[in-house]
């Protein structure tokens, strides 16, 4: 659960918290676009994160709730204990004491990074086996315990069941795969696999991903410097998509930079030949050749 602050419109969070016998509310942890999150106790003994949804907004989380119910008891995925419909809809999650992002980078070692990636790929793989994609895999949506012994993939609000016609605009633009940026709708699990590759790249560049931009075409233009515009156009034509004129006009036809050239010098201790190879296999332009989560888990990096 990410706690993004909303500034639009009057909020409908109640002045007093719901009186629910099975829940004790403690301190507020944060708030999202249409919810507030509290630490609390569930059934008098289970530490919990309790999300109180704005009145009139419960329909916005109906898919997320269904996904979480289908993902119950799977490893490294945040667990939803109960949904309570009172005056407000209340979601009761397991409580995870997570590292701050700054502490994550401060304490990260090659071994800890390998553990984090393994757990993340296991979580994503388990969802894929259920026919579910997350569509917004990034550091902000991962909770890591302070001793790095566990990880939880959270915030399934962009998630969906896999179909042949999914929105290509789901999730953060920076982690969308090339086929999603081109507008392809039948991207299956490939978008999540690309996002995991981006997650690795994000860490090795110390958060300086070079294709951050405000439009899909701009992201693709930046990507063309690394992957080559001709290769991105070939993918578009293979998917029966006409690339946007702006992209074709401004793209770099041939690569001018490598992924490695963006690595941050402060992260050089984390760089491992097998890790870079895994990242590149996940950041493969053609989704038909891109690593799946099953293949990633069997990569020599994890041996």
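In UniProt numbering, the protein residues as written are 1 to 303. Positions of the beta carbon are idealized from the N, C-alpha and C atoms, including for glycine.
Close beta carbons around residue i, own chain, < 8 Å, minus the five adjacent residues each side
{"i": "residue 196", "result": "117, 120, 121, 124, 137, 282, 293 and 296"}
{"i": "residue 72", "result": "79 and 80"}
Secondary structure of residue i, DSSP reduced to three states
{"i": "residue 271", "result": "coil"}
{"i": "residue 19", "result": "coil"}
{"i": "residue 30", "result": "strand"}
{"i": "residue 49", "result": "strand"}
{"i": "residue 127", "result": "helix"}
{"i": "residue 2", "result": "The predicted model places residue 2 with a pLDDT of 37, which falls under 50 and marks its position as unreliable, so this point remains unresolved."}
{"i": "residue 251", "result": "coil"}
{"i": "residue 42", "result": "strand"}
{"i": "residue 180", "result": "helix"}
{"i": "residue 189", "result": "coil"}
{"i": "residue 96", "result": "coil"}
{"i": "residue 10", "result": "The pLDDT assigned to residue 10 is 45, lower than 50, so where the model puts this residue is not dependable; a value taken from the coordinates is nonetheless given after this. In the structure shown, residue 10 sits in coil (DSSP, three-state: anything other than H, G, I, E or B)."}
{"i": "residue 149", "result": "coil"}
{"i": "residue 163", "result": "coil"}
{"i": "residue 109", "result": "coil"}
{"i": "residue 154", "result": "coil"}
{"i": "residue 84", "result": "strand"}
Residue i burial status per 10 Å Cβ neighbour count (16 or more: buried)
{"i": "residue 345", "result": "This structure cannot settle anything about residue 345, because the visible part of the chain is limited to 1 through 303."}
{"i": "residue 303", "result": "exposed"}
{"i": "residue 176", "result": "buried"}
{"i": "residue 145", "result": "exposed"}
{"i": "residue 301", "result": "buried"}
{"i": "residue 38", "result": "buried"}
{"i": "residue 288", "result": "exposed"}
{"i": "residue 42", "result": "buried"}
{"i": "residue 141", "result": "buried"}
{"i": "residue 253", "result": "exposed"}
Best match in the options for proximity to residue i [C-alpha to C-alpha]
{"i": "residue 299", "options": "33, 221 and 278", "result": "278"}
{"i": "residue 69", "options": "159, 40 and 267", "result": "159"}
{"i": "residue 161", "options": "35, 65 and 289", "result": "65"}
{"i": "residue 40", "options": "286, 225 and 20", "result": "20"}
{"i": "residue 194", "options": "33, 18, 286 and 83", "result": "286"}
{"i": "residue 306", "options": "74, 190, 29 and 261", "result": "Outside the modelled stretch of the chain, which goes from 1 to 303, sits residue 306, for which no answer is possible."}
{"i": "residue 258", "options": "234, 267, 201 and 291", "result": "201"}
{"i": "residue 29", "options": "213, 150 and 48", "result": "48"}
{"i": "residue 174", "options": "102, 207, 269 and 77", "result": "207"}
{"i": "residue 98", "options": "241, 154, 92 and 59", "result": "154"}
6 Å Cβ shell around residue i - same chain, five flanking residues per side excluded
{"i": "residue 105", "result": "none"}
{"i": "residue 211", "result": "219, 222 and 223"}
{"i": "residue 186", "result": "164"}
{"i": "residue 16", "result": "none"}
{"i": "residue 204", "result": "263 and 267"}
Any C-beta of chain D under 8 Å from that of residue i
{"i": "residue 59", "result": "Reference to chain D is not applicable here, since this structure consists of a single protein chain."}
7 Å Cβ shell around residue i - same chain, five flanking residues per side excluded
{"i": "residue 156", "result": "64, 67, 68 and 134"}
Three or more C-beta pairs under 8 Å: does that hold for the stretch 129-139 against the stretch 110-119?
no
Inter-stretch contact at 8 Å, needing at least 3 Cβ pairs: the stretch 264-281 / the stretch 238-254:
no
Does the stretch 37-53 come within contact of the stretch 80-88, defined as at least 3 CB pairs closer than 8 Å?
yes
Can you confirm whether the stretch 248-267 touches the stretch 223-238 when touching is taken to mean that 3 or more C-beta pairs between the two stretches lie within less than 8 Å?
yes
Cβ pair count under 8 Å reaching 3, the stretch 164-172 against the stretch 125-132
no
Is the stretch 205-221 touching the stretch 177-193 in the sense that three or more CB pairs, one from each, lie closer than 8 Å?
yes
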